[in-house]
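Chemist: Per UniProt numbering, residue 1 is the first one in the sequence shown, and the count goes up by one each step.
C-beta: ideal position from N, C-alpha, C; glycine also.
Given the structure is predicted, the values throughout are model-derived calculations rather than measurements.
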Amino acid sequence: MASPTKRRKKSTSAAPHQGRNLDFFFEKQRQSASKPKTPPKGPDLEVTTEGLTDEEYAHKLAEEWAKEDGVAALASESMVEGSKQGVKRGRSLSPVGTVNVVESFVLDGIGKKTPETIPDENKQTIPTAPSIPKTAISIESALESDALIEEMPFDGDPLSFDPDMFKGILDKWPTRKAPYALLTRAFVLVNLTRSRIKIVDTLVNLLRTLIRLDPESLLAAVWLTTNDIGPTYENNELGLGISIISKALTGSSGTTTATLKKLFNKHGDMGDVAFEAKVKQKALMMKKPIPLTIKNVYTTLVKIASMSGKGSQENKQRHVERLLVDAKGEEVRYLTRTLTQHLRIGAVKTTMIIALSRAFSLSAPDGANWECPTMPKSKEARQELFGKAEEVLKQCFARRPNYNDIIPSLLKGGIGVMETECGMAIHVPLKPMLGSITRDLAEMLMKLHGTSFSCEFKYDGQRAQIHCDSNGKVSIFSRNLELMTSKYPDLVELIPRIRGDGVQSFVMEGEIVAIDINTGQIKSFQILAERERRNVDVGNIRVDVCLFAFDLMYLNGQELLLRPFRERRGLMHSMFVEIPTKFVWVRSLDATSEDVDAIREFFRSSLETKCEGIMVKVLDNCTKPLMSKPEEVIEEGVEGNLVSVAMKGRDKEKAKLAGGRRKALLATYEPDKRLESWLKVKKDYDSAADTLDLVPIGGWHGLGRKSKWWSPILLAVRNPETGTFEAVCKCMSGFTDKYYAEMKDFYNDDGGSGENINTSRHKKAYYEASLCPAIWFEPKEVWEIAFADITLSPTYSAAMGLVSEDRGLSLRFPRFLRKREDKGIEEASTPQFLAGIPSSLILRPWFFGPLANESDE
1 MASPTKRRKK STSAAPHQGR NLDFFFEKQR QSASKPKTPP KGPDLEVTTE
51 GLTDEEYAHK LAEEWAKEDG VAALASESMV EGSKQGVKRG RSLSPVGTVN
101 VVESFVLDGI GKKTPETIPD ENKQTIPTAP SIPKTAISIE SALESDALIE
151 EMPFDGDPLS FDPDMFKGIL DKWPTRKAPY ALLTRAFVLV NLTRSRIKIV
201 DTLVNLLRTL IRLDPESLLA AVWLTTNDIG PTYENNELGL GISIISKALT
251 GSSGTTTATL KKLFNKHGDM GDVAFEAKVK QKALMMKKPI PLTIKNVYTT
301 LVKIASMSGK GSQENKQRHV ERLLVDAKGE EVRYLTRTLT QHLRIGAVKT
351 TMIIALSRAF SLSAPDGANW ECPTMPKSKE ARQELFGKAE EVLKQCFARR
401 PNYNDIIPSL LKGGIGVMET ECGMAIHVPL KPMLGSITRD LAEMLMKLHG
451 TSFSCEFKYD GQRAQIHCDS NGKVSIFSRN LELMTSKYPD LVELIPRIRG
501 DGVQSFVMEG EIVAIDINTG QIKSFQILAE RERRNVDVGN IRVDVCLFAF
551 DLMYLNGQEL LLRPFRERRG LMHSMFVEIP TKFVWVRSLD ATSEDVDAIR
601 EFFRSSLETK CEGIMVKVLD NCTKPLMSKP EEVIEEGVEG NLVSVAMKGR
651 DKEKAKLAGG RRKALLATYE PDKRLESWLK VKKDYDSAAD TLDLVPIGGW
701 HGLGRKSKWW SPILLAVRNP ETGTFEAVCK CMSGFTDKYY AEMKDFYNDD
751 GGSGENINTS RHKKAYYEAS LCPAIWFEPK EVWEIAFADI TLSPTYSAAM
801 GLVSEDRGLS LRFPRFLRKR EDKGIEEAST PQFLAGIPSS LILRPWFFGP
851 LANESDE
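Dropping the structure here:
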């Protein structure tokens, strides 16, 4: 059989080739299937960038993988001669029409390499007759299926979309499983629109197709679409750095590292880099016998996440390389984005919940013992039906945020069984309730006028959710639902001592704060951040902590979420025992909007105790709409932090318009909701807080959604004595998409051509910065920046020598407010002004790590 890599001779006739189809290209294979195969030779071969032909390079890669996996026979011999042992798991880069026989292995628990059992979907029959190879048939069927997938109208109206019309896709697919191209098709359509309606419709039609055609692939598709492979509280980090992905991409496409770097500087997104690299490099296998499936991609990612220890990086790279080799077209782009965990399709988790609720309202799997509701004819009735289904699913996901529980329950009984099947569960964290932001105490009093509420200290620590079952097993979760039990073994040992008589199981919420156990003095969040993140030894604890408990959501098998806060707090106080400096209640004050002086003093005392401010929570359910009288609040708030609304730039007429009827406030615990029944007043939200006028001096390439812009931005203060700009922080908050685009136009990267006078590839001599951004800005603008605190920093040089001899000052939680059109760079904030801000804001060195944002809520 002629080599598939040999160039076809140029035709001397002018006859067009439009009439050629798949049968034409496979005809020579059918005629010469029985002829002996010879390796390609001669000058007509297409040469890759590596100096090898496609086929030779495929042989080389297959041989390397075979050696790595411990296969005795060379992959090249297997490609030519076939295999007498049967087809084993794995995909080699074999020429079209040959049999794929490279064997793969997995590591067992002892570390030895053993063959892995292969699912039926990956098996392939070796042809015994020299007529038509099975692989050729599979390729032809896959090509027909690819053509159908590329025309899938996922972005159409779900009411007119019929998923059963596309059942033939899987019949033509070699593995009879949903292909990854089906998922990629939806990603492409989602990425082409900014309409939330279109995005939801596209996902609904994708999910309905999988529900009808391949329910077993639905769970994998949901995880991949949400840019994850498992719940947050489980170990599902891929652990893939840019280095591993770059090496795998180099090995799979033949592109050099220098070329990849150039492409990354051009695009800023590894998915786009991988796509262009594969397009420029002639594909090693234009038609693969066994293409990627949704389930196979997900299973491989789970396997990668589970790898650890010696040699794990090499194993991960090998798996990534195999996925990239098997991917084609847009699959390469989105597979690479999945590997980097920046999918960039705008389908957030909330969108997926909405899409799932609608998909299961319209479609049920074959053989299901439940039916979808009858769809009303009127649009209003349909929206009401969809709305109820969405609310049910959102509440269930907030109580049990794990698709591994949600999807099987949906397939089993639809939306109707979700409330009973997926409630709260011990050791499965529920999403925390969040508080709304207020500018100051006056605004808070106006919102809660006429209600009873509790003011609580908002400690500067780490919010924690503690689960304990009847057997005494304890789990501790962060506000981001990450498991951190091993970080606080001292709290785990404390749980049996705080449980009162009759307490069997519970879910409690509180704030973990660093503390001096001898004096009871609260320490800053930076001290808590110095504690090891995992596997802490109780005997070697250097940072002592105290749990300030403030809510109880579950007790002895019963959910307490629907009970008012006053009742939940009363149960917590009566059923648990305080232990000084170890486990105590948050300091609180029950009040109404009439208690202005007491609230003001309580707020001031919270700041003096090194807290962030106060949390204000409604104590009892207000069943009737509230009547606001903001003018009374204006008259009472006359000094200190209680300045009037009118003094904030709002006149009394606008304040009166804000009055009238307002929604009733509930004191229930609402997971994953930000309601006005919980309000937070923080010192950095106060309009009287200091701001700084800083100069942008550099920027980095953004990641994910921000890949086409600069983010973060390096900011500096100006030293008028030396004329230098001293770096003070990186900022990536407060920008709008419109401003990002304007900034990118102003600070345009010219690629080093020297055409843009606002940027430079080289650091200015008058910049004092230890960091190296991707591009340096010319000092031309002044930005007003708000911040929470000032911290001593070993990284930034601003004001070095004014507060500390060997450390500069940096800003904690900086956020962009506006561009100061009225100021030039000579009027930017100085190091002396920065160092002169009240010393109560200056903290110990800031821990630059994942915990740095834990206290933001």
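Apply the 10 Å Cβ neighbour rule to residue 504 and answer buried if 16 or more other Cβ atoms are within range, or exposed otherwise.
Modeler: Counting Cβ neighbours within 10 Å, residue 504 comes out exposed, since fewer than 16 surround it.
Chemist: In this structure, what does DSSP give as the bridge partners for residue 333?
Modeler: Residue 333 pairs with nothing; no bridge assigned.
Chemist: Can you tell me which of the three DSSP states residue 808 falls into?
Modeler: Three-state DSSP puts residue 808 in a strand.
Chemist: State buried or exposed for residue 96, treating a residue as buried only when at least 16 other CB atoms are found within 10 Å of its CB.
Modeler: At residue 96 the pLDDT is 33, less than 50, meaning the model places this residue with poor confidence; the figure from the coordinates comes in the next sentence. Counting Cβ neighbours within 10 Å, residue 96 comes out buried, since at least 16 surround it.
Chemist: What span of residues does the alpha helix (DSSP H) with residue 674 cover, start to end?
Modeler: No alpha helix (DSSP H) contains residue 674, which is instead part of the beta strand (DSSP E) from 674-682.
Chemist: What are the boundary residues of the beta strand (DSSP E) that includes residue 575?
Modeler: Element bounds for residue 575: not the beta strand (DSSP E) but the alpha helix (DSSP H), 565-575.
Chemist: Three or more C-beta pairs under 8 Å: does that hold for the stretch 299-315 against the stretch 148-163?
Modeler: Result no; under three Cβ-Cβ pairs closer than 8 Å.
Chemist: If you reduce the DSSP assignment to three classes, tell me which class residue 446 lands in.
Modeler: Residue 446 falls in the helix class under three-state DSSP.
Chemist: Could you give the residue range of the beta strand (DSSP E) that holds residue 554?
Modeler: Run containing residue 554: 545-555, per the beta strand (DSSP E) assignment.
Chemist: Taking its Cβ as the centre, do 16 or more other Cβ atoms sit within 10 Å of residue 458, making it buried, or is it exposed?
Modeler: Answer is buried; the Cβ neighbour count reaches 16.
Chemist: Cα separation between residue 304 and residue 219?
Modeler: About 18 Å.
Chemist: Tell me whether residue 242 is buried or exposed, calling it buried when 16 or more other Cβ atoms sit within 10 Å of its Cβ.
Modeler: Looking at its Cβ environment, which holds fewer than 16 other Cβ atoms inside 10 Å, residue 242 is exposed.
Chemist: Just to confirm, is the Cβ distance from residue 245 to residue 183 under 7 Å?
Modeler: Contact: no.
Chemist: For the alpha helix (DSSP H) that contains residue 525, what are its first and last residues?
Modeler: Note, residue 525: alpha helix (DSSP H), 525-529.
Chemist: Does the stretch 198-213 come into contact with the stretch 353-371, if we say contact requires no fewer than three beta-carbon pairs (one atom in each stretch) closer than 8 Å?
Modeler: The stretch 198-213 vs the stretch 353-371: in contact.
Chemist: By DSSP, does residue 496 sit in helix, in strand, or in coil?
Modeler: Residue 496 falls in the helix class under three-state DSSP.
Chemist: Residue 343 to residue 237, Cα distance in whole Å?
Modeler: About 15 Å.
Chemist: Within 10 angstroms of the Cβ of residue 762, are there 16 or more other Cβ atoms? Answer buried if so, exposed if not.
Modeler: Classification of residue 762: exposed, given that the 10 Å Cβ count is below 16.
Chemist: Starting from the C-beta of residue 538, find all residues in its chain whose C-beta is less than 8 Å away, skip the five residues before and the five after it, and write them out in chain order.
Modeler: Excluding residues within five positions, the ones whose Cβ falls inside 8 Å are 489, 490, 493.
Chemist: Rounded to whole angstroms, what's the CA-CA distance from residue 702 to residue 371? Just pull it up for me.
Modeler: Approximately 46 Å, taken between the alpha carbons.
Chemist: Taking only the alpha-carbon atoms, compute the straight-line gap between residue 573 and residue 567 and give it to the nearest angstrom.
Modeler: For residue 573 and residue 567, the distance between alpha carbons rounds to 10 Å.
Chemist: State the start and end residues of the unbroken beta strand (DSSP E) segment that holds residue 742.
Modeler: Counting along the chain, residue 742 falls outside any beta strand (DSSP E), though it belongs to the alpha helix (DSSP H) covering 737-746.
Chemist: Any chance the CB of residue 693 is under 6 Å from a heavy atom of the ligand GTP?
Modeler: Among the ligands in the structure shown, none appear at all, so the ligand GTP cannot be discussed.
Chemist: What do you reckon, are the CB atoms on residue 695 and residue 825 nearer than 7 Å?
Modeler: A contact, by the Cβ cut-off of 7 Å.
Chemist: For the alpha helix (DSSP H) that contains residue 266, what are its first and last residues?
Modeler: Run containing residue 266: 257-267, per the alpha helix (DSSP H) assignment.
Chemist: What's the C-alpha gap between residue 455 and residue 616?
Modeler: Between residue 455 and residue 616, the C-alpha separation is close to 4 Å.
Chemist: How long is the line joining the alpha carbons of residue 385 and residue 513, rounded to whole angstroms?
Modeler: The alpha-carbon atoms of residue 385 and residue 513 are separated by roughly 45 Å.
Chemist: Measuring CB to CB, does residue 430 end up less than 7 Å from residue 399?
Modeler: Their beta carbons are under 7 Å apart, which means residue 430 touches residue 399 by this criterion.
Chemist: My assumption, with CB atoms under 8 Å, is that residue 727 sits in contact with residue 778. Please give the rounded CB distance.
Modeler: That pair is no contact at about 15 Å.
Chemist: From 770, 693, 682, pick the residue whose C-alpha is nearest to that of residue 816; which is it?
Modeler: Comparing Cα positions, the closest option is 693.
Chemist: With a 10 Å radius around its C-beta and 16 neighbouring C-beta atoms as the bar for buried, classify residue 652 as buried or exposed.
Modeler: Residue placement at residue 652 is poorly supported in this model, since its pLDDT is 42, which falls under 50; the coordinates still yield a value, given next. Counting Cβ neighbours within 10 Å, residue 652 comes out exposed, since fewer than 16 surround it.
Chemist: What are the boundary residues of the alpha helix (DSSP H) that residue 246 is part of?
Modeler: Where residue 246 is concerned, the enclosing alpha helix (DSSP H) stretches over 242-253.
Chemist: Nearest to residue 827 by CA position, among 783, 803, 802, is which residue?
Modeler: Closest by alpha carbon: 783.
Chemist: Indicate whether the contact test is met: 3 or more Cβ pairs, each with one atom in the stretch 467-485 and one in the stretch 603-623, closer than 8 Å.
Modeler: Output reads no: the stretch 603-623 does not touch the stretch 467-485.
Chemist: Just to confirm, are residue 336 and residue 270 a CB contact at a threshold of 7 Å?
Modeler: In this structure, residue 270 lies closer than 7 Å to residue 336 by Cβ.
Chemist: Would you mind reading off the limits of the beta strand (DSSP E) that contains residue 819?
Modeler: It spans 815-819 - the beta strand (DSSP E) in which residue 819 sits, taken as one unbroken run.
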